[in-house]
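Protein chains: 2
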Amino acid sequence: MVNTAATSASDRILEAAKRVFLLKGMAGARMQDIADEAGMNKAMLHYYFRNKEKLFDVIFREASSQFFPRIQSILDSELSLEEKIRKFCSEYIDLCLKNPYLPLFLLNEVNSKPEGFIKKLWKNKDSPFSQFSKAIAAASPGLHIQPGQAAHIFINMLSMCIFPCIARPIWMAANDMDESQFMRFMEQRKTEVPRFIIASITK
Amino acid sequence: MVNTAATSASDRILEAAKRVFLLKGMAGARMQDIADEAGMNKAMLHYYFRNKEKLFDVIFREASSQFFPRIQSILDSELSLEEKIRKFCSEYIDLCLKNPYLPLFLLNEVNSKPEGFIKKLWKNKDSPFSQFSKAIAAASPGLHIQPGQAAHIFINMLSMCIFPCIARPIWMAANDMDESQFMRFMEQRKTEVPRFIIASITK
DNA sequence: GTCTATAACTCGATAGAC
DNA sequence: GTCTATCGAGTTATAGAC
Chain A
83 MVNTAATSAS DRILEAAKRV FLLKGMAGAR MQDIADEAGM NKAMLHYYFR
133 NKEKLFDVIF REASSQFFPR IQSILDSELS LEEKIRKFCS EYIDLCLKNP
183 YLPLFLLNEV NSKPEGFIKK LWKNKDSPFS QFSKAIAAAS PGLHIQPGQA
233 AHIFINMLSM CIFPCIARPI WMAANDMDES QFMRFMEQRK TEVPRFIIAS
283 ITK
Chain B
83 MVNTAATSAS DRILEAAKRV FLLKGMAGAR MQDIADEAGM NKAMLHYYFR
133 NKEKLFDVIF REASSQFFPR IQSILDSELS LEEKIRKFCS EYIDLCLKNP
183 YLPLFLLNEV NSKPEGFIKK LWKNKDSPFS QFSKAIAAAS PGLHIQPGQA
233 AHIFINMLSM CIFPCIARPI WMAANDMDES QFMRFMEQRK TEVPRFIIAS
283 ITK
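Chain order of the listed sequences is A and B. Using the numbering used here, the first residue of the first sequence is number 83, and each one after it goes up by one. Using the numbering used here, the first residue of the second sequence is number 83, and each one after it goes up by one.
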């Protein structure tokens with residue numbers, strides 16, 4: 083009744099938790115930080131999410147689903163291979179620029195999970211990765227793609243889109259870049275990376 | 083006198099600290115874990131390194147100097163550009179395979195350092211990154227390298243060598259790989275990545 | 001130098017008033 | 001639902017015997 087504010091308490095907690103967890107990770111985050119960020123006190127976090135781990139799980143799942151499934155929809159589209167590559171690079175570079183802490187957060191937390199856990203991210207379905215690899219292989223007639231190379235091409239694409247964003251502080255410092263120079267550099271990459279990939283394939 | 087063992091106490095602490103810090107990061111590591119790993123008790127860690135932060139700093143510096151300066155020596159060599167690329171990829175893939183937690187550890191901790199800190203890694207010298215970029219630009223006569231592309235080529239190379247190692251758990255799960263299959267995949271990349279880069283340049 | 005014991009503190013979690 | 005107060009476990013760090 084009273085809470086006609088833009089967001090409910092639990093939503094404000096989730097937003098705050100996302101900021102703090104993505105920045106500091108599970109181990110580095112403090113419930114107090116999240117409470118401060120959300121403008122309320124610790125007891126509220128426990129009232130809504132019971133404990134830190136459950137709150138973290140919600141954030142982790144949300145972050146995962148924001149990052150991984152996009153691959154699928156691009157894959158399923160009716161575009162040509164070259165168009166798929168262009169679209170993929172453009173979307174993933176944008177995603178990383180708009181969520182600077184997302185990739186490193188996911189890589190970290192996946193690394194600290196027990197073995198079997200990761201496979202559950204894709205349940206019984208094929209992983210988007212292996213599907214994309216197959217799509218590249220299938221689209222290869224006329225191109226110079228050797229069997230077994232599809233996987234390399236795919237992870238090359240992922241690497242060139244994502245890595246510069248996670249190495250951003252080092253890259254900026256090493257090249258004396260400011261914020262806007264880095265942004266321009268990454269904008270260039272939306273065309274440079276596809277050009278690079280396609281050149282190496284069609285040579 | 084007595085300690086004719088292979089390693090001194092402080093060395094054993096450093097080795098243990100490296101394992102624990104690289105695996106769990108500053109926030110996730112426990113002094114008790116390090117003590118256990120080193121086969122002694124917590125008081126010893128404080129005796130030799132005063133506190134957790136100072137111990138961490140030693141590890142961080144060592145890890146940094148293990149990772150970054152190699153670029154320089156390859157750059158300074160008298161090899162052709164193509165040979166430099168091949169050597170760089172081969173060495174960095176090996177480095178990452180032999181130190182699986184090193185790249186993610188550095189990326190994480192660099193991200194959580196205050197702004198100005200990073201530049202101090204290269205003191206007053208040019209960063210190896212910008213130097214390598216210049217070398218690629220200088221070696222470009224006869225190749226199809228546009229001005230401003232050198233930086234892209236260089237970070238492409240870094241990305242394709244390092245990223246697959248930090249995304250290893252996801253990549254293995256997504257492709258149903260076991261340990262030895264992944265190792266073979268990365269061995270292939272020592273030639274695949276240079277081939278990929280050179281193809282895109284000489285097209 | 002090395003160990004045990006413990007102080008000092010941080011942090012997640014709960015109890016209970018409103 | 002929201003807040004204050006506090007408990008109790010876990011951690012860093014130190015004191016002090018040997």
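By construction, the Cβ of each residue, glycine as well, lies at the ideal position given by its N, Cα and C atoms.
Indicate whether at least one CB of chain A lies closer than 8 Å to the CB of residue i.
{"i": "B:Ser-62", "result": "Residue 62 of chain B is absent from the model: chain B starts at 83 and stops at 285."}
{"i": "B:Lys-201", "result": "yes"}
{"i": "B:His-234", "result": "yes"}
{"i": "B:Thr-273", "result": "no"}
{"i": "B:Ser-262", "result": "no"}
{"i": "B:Ser-172", "result": "no"}
{"i": "B:Ala-281", "result": "yes"}
{"i": "B:Phe-131", "result": "no"}
{"i": "B:Val-192", "result": "yes"}
{"i": "B:Ile-237", "result": "yes"}
{"i": "B:Leu-186", "result": "yes"}
{"i": "B:Ala-249", "result": "yes"}
Taking Cβ to Cβ, would you say residue i is nearer than 8 Å to residue j?
{"i": "A:Cys-243", "j": "A:Pro-182", "result": "no"}
{"i": "A:Ala-111", "j": "A:Phe-103", "result": "yes"}
{"i": "A:Ser-159", "j": "A:Lys-166", "result": "yes"}
{"i": "B:Pro-251", "j": "A:Val-192", "result": "yes"}
{"i": "B:Met-122", "j": "B:Ala-91", "result": "yes"}
{"i": "A:Phe-150", "j": "B:Phe-245", "result": "no"}
Measuring only the C-alpha atoms, how far is residue i from residue j?
{"i": "A:Glu-142", "j": "B:Ile-235", "result": "Note on residue identity: the sequence assigns Phe, not Glu, to residue 142 of chain A. Cα to Cα, the separation comes out at about 33 Å."}
{"i": "B:Leu-189", "j": "B:Ala-145", "result": "11 Å"}
{"i": "B:Phe-199", "j": "A:Ala-220", "result": "48 Å"}
{"i": "A:Leu-161", "j": "A:Gln-154", "result": "13 Å"}
{"i": "B:Ala-232", "j": "B:Ile-218", "result": "6 Å"}
{"i": "A:Ile-279", "j": "B:Ser-282", "result": "7 Å"}
{"i": "A:Arg-277", "j": "B:Tyr-129", "result": "57 Å"}
{"i": "A:Leu-286", "j": "A:Cys-178", "result": "For residue 286 of chain A there is no data in the structure shown, the boundaries of chain A being 83 and 285."}
{"i": "B:Phe-170", "j": "B:Asp-260", "result": "26 Å"}
{"i": "B:Asp-139", "j": "A:Arg-266", "result": "34 Å"}
{"i": "B:Lys-286", "j": "B:Met-113", "result": "Here chain B covers residues 83 to 285 and nothing more, so residue 286 of chain B does not appear."}
{"i": "A:Trp-253", "j": "A:Phe-264", "result": "9 Å"}
{"i": "B:Ile-95", "j": "B:Ile-175", "result": "28 Å"}
{"i": "A:Leu-105", "j": "A:Ser-209", "result": "27 Å"}
{"i": "B:Phe-187", "j": "A:Phe-187", "result": "12 Å"}
{"i": "B:Asp-118", "j": "B:Leu-127", "result": "11 Å"}
{"i": "B:Asp-93", "j": "B:Leu-163", "result": "40 Å"}
{"i": "B:Met-83", "j": "B:Leu-157", "result": "Note that B:Met-83 scores 40 on pLDDT, short of 50, meaning its location in the model is unreliable; the coordinates nonetheless yield the value given after this. Approximately 44 Å, taken between the alpha carbons."}
{"i": "A:Pro-229", "j": "B:Ala-120", "result": "47 Å"}
{"i": "A:Pro-196", "j": "B:Asp-258", "result": "16 Å"}
{"i": "B:Arg-168", "j": "A:Arg-152", "result": "33 Å"}
{"i": "A:Ile-227", "j": "B:Ile-227", "result": "24 Å"}
Whose CA, out of the options, lies closest to the CA of residue i?
{"i": "A:Trp-204", "options": "B:Met-113, B:Ala-256 and B:Glu-274", "result": "B:Ala-256"}
{"i": "B:Ser-147", "options": "B:Gly-121, B:Ala-99, B:Ala-91 and B:Lys-202", "result": "B:Lys-202"}
{"i": "B:Arg-101", "options": "B:Ile-116, B:Thr-89, B:Ile-156 and B:Ser-90", "result": "B:Ile-116"}
{"i": "A:Lys-180", "options": "A:Glu-269, A:Thr-273, A:Val-275 and A:Ser-90", "result": "A:Glu-269"}
{"i": "A:Leu-137", "options": "A:Glu-97, A:Ile-227, A:Ala-249 and A:Ser-209", "result": "A:Glu-97"}
{"i": "A:Ala-249", "options": "B:Ser-194, B:Pro-229, B:Gln-228 and B:Lys-272", "result": "B:Ser-194"}
{"i": "B:Leu-225", "options": "B:Thr-284, B:Ala-120 and B:Arg-152", "result": "B:Thr-284"}
Does the beta carbon of residue i sit closer than 8 Å to a beta carbon anywhere in chain B?
{"i": "A:Ser-90", "result": "no"}
{"i": "A:Pro-246", "result": "yes"}
{"i": "A:Ala-99", "result": "no"}
{"i": "A:Asn-257", "result": "yes"}
{"i": "A:Ile-175", "result": "no"}
{"i": "A:Ala-145", "result": "no"}
{"i": "A:Val-140", "result": "no"}
{"i": "A:Asn-85", "result": "Residue placement at A:Asn-85 is flagged as unreliable, the pLDDT there being 42, under the threshold of 50; the coordinate-derived value follows with that caveat. It does not: the Cβ of A:Asn-85 has no partner Cβ on chain B nearer than 8 Å."}
{"i": "A:Ala-109", "result": "yes"}
{"i": "A:Ser-209", "result": "yes"}
{"i": "A:Pro-196", "result": "no"}
{"i": "A:Leu-163", "result": "no"}
{"i": "A:Ile-252", "result": "yes"}
Taking the beta carbon of residue i as the centre, do at least 16 other beta carbons fall within 10 Å, making it buried, or is it exposed?
{"i": "B:Gly-107", "result": "buried"}
{"i": "A:Asn-238", "result": "buried"}
{"i": "B:Ala-125", "result": "exposed"}
{"i": "B:Ala-88", "result": "exposed"}
{"i": "A:Glu-274", "result": "buried"}
{"i": "A:Ile-262", "result": "In the sequence under discussion, the amino acid at residue 262 of chain A is Ser, which differs from the Ile named in the question. It counts as exposed."}
{"i": "A:Arg-271", "result": "buried"}
{"i": "B:Arg-132", "result": "exposed"}
{"i": "B:Asn-85", "result": "Low local confidence applies: a pLDDT of 43 at B:Asn-85 is under 50, so the model's placement there is unreliable, with the coordinate-based value given in what follows. Burial call: exposed."}
Just to check, is the beta-carbon of residue i closer than 7 Å to a non-hydrogen atom of the ligand GTP?
{"i": "A:Ile-153", "result": "Among the components modelled here there is no ligand, and therefore nothing to report on the ligand GTP."}
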